[in-house]
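Chemist: Encoded as structure tokens, here's the structure I'll be asking about.
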Amino acid sequence: MRAGLPPKCKYSTGHDISQEMFGAIACFDHQKNILTTTDLRPNYYPMEPIYAPDAEDSHKGWVLTVIFDGERNCSEVWIFDASNLDAEPICQLALPKVVPMDFHGTRSQE
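Residue numbers (numbering that gives the first Met the number 0): 0 to 109.
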């Protein structure tokens, strides 16, 4: 994103109102007025997604999020291709400990 220009897309977590926790990642494209979501597997809960732009190509980027797996009681970092958010993640990285669910990037100090 160039300085002074609004972002093309905004990323957030989302969920079905019948669920207590977020179970999807959403992208709203302001230029095309399109909402794209990726519904995760049952009992998988994302934290706030972060967009990471490609330093060499401003049209490419990735969406990173920490996922809590409620089935196995563990956390992973999932990386999605930002241009294909509704596809499977391109990378899943196991974390050594459970990362507590948070809001707007707050983290405990351990």
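Backbone N, C-alpha and C fix where the C-beta goes; we use that ideal spot for every residue, glycine too.
If we call anything under 9 Å between Cβ atoms a contact, is Ile24 one with Pro48?
Modeler: Their beta carbons are under 9 Å apart, which means Ile24 touches Pro48 by this criterion.
Chemist: Does the Cβ-Cβ distance between Ala81 and Lys59 come in under 9 Å?
Modeler: Yes.
Chemist: Report buried or exposed for Cys26, applying the criterion of at least 16 other Cβ atoms within 10 angstroms of its Cβ.
Modeler: It counts as buried.
Chemist: Would you grab the beta carbon distance between Leu75 and Leu63 for me? Rounded to a whole angstrom, and I think it's under 8 Å.
Modeler: Going by the sequence as given, residue 75 is Glu instead of Leu. About 11 Å separates the two Cβ atoms, so there is no contact after all.
Chemist: Could you work out which residue in Tyr43, Thr12, Gly22, Ala54 is closest to Arg71 when comparing CA atoms only?
Modeler: Ranking Tyr43, Thr12, Gly22, Ala54 by Cα distance to Arg71 puts Tyr43 first.
Chemist: Assuming Ala23 is part of the beta strand (DSSP E), what are its boundary residues?
Modeler: Ala23 -> beta strand (DSSP E) spans 23-28.
Chemist: Less than 9 Å between the beta carbons of Asp28 and Thr35, yes or no?
Modeler: Contact flag set, yes.
Chemist: Enumerated in chain order, which unbroken segments of the alpha helix (DSSP H) with a length of 4 residues or greater are wholly contained in the stretch 44-68?
Modeler: Listed in chain order, nothing qualifies, since the stretch 44-68 has no complete alpha helix (DSSP H) run of 4 or more residues.
Chemist: Anyone know if the C-beta pair for Pro45 and Thr12 falls short of 9 Å?
Modeler: Their beta carbons are under 9 Å apart, which means Pro45 touches Thr12 by this criterion.
Chemist: For Ser82, report the span of its beta strand (DSSP E) as first-last.
Modeler: It is not in any beta strand (DSSP E) - Ser82 carries neither H nor E in the DSSP assignment.
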